[in-house]
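**Student:**
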Amino acid sequence: QCGNQIGAKFWEVIADEHGIDPTGTYHGDSDLQLERINVYFNEATGGRYVPRAILMDLEP
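UniProt numbering puts the first residue of the sequence shown at 1, with every later residue one more than the last.
#1: Grouping DSSP H, G and I as helix and E and B as strand, with all else coil, what is I20?
#2: Should H18 and Q33 be called a contact, given that it needs their Cβ atoms to be closer than 9 angstroms?
#3: By the DSSP assignment, the beta strand (DSSP E) with N42 in it spans what residues?
#4: Would you report the Cα separation of A53 and D29, rounded to the nearest angstrom?
#5: Taking the continuous alpha helix (DSSP H) assigned at D57, which residues delimit it?
Dropping the structure here:
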């Protein structure tokens, strides 16, 4: 659970730095934000960005 909470915060910060809102839509104001965005995100249909990660908690 702790790892997932840290991971969720990490993705929140990364999305904010790249101008990505919680729905995956780019609302940034700089071309630099889109530079190397593919390191962390995949571009989905409709111009949405999806994090390149899956977080799972295996504890019952």
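By construction, the Cβ of each residue, glycine as well, lies at the ideal position given by its N, Cα and C atoms.
These numbers were taken from a predicted model, which means no experiment stands behind them.
**Tutor:** Walking through what the data contain:
#1: Shown here, I20 sits in a strand according to DSSP, grouped into three states.
#2: Going by C-beta atoms, H18 is nearer than 9 angstroms to Q33.
#3: Unbroken beta strand (DSSP E) run through N42: F41 to E43.
#4: A53 and D29 have their C-alpha atoms some 25 angstroms from each other.
#5: D57 -> no alpha helix (DSSP H), and no H or E assigned at all.
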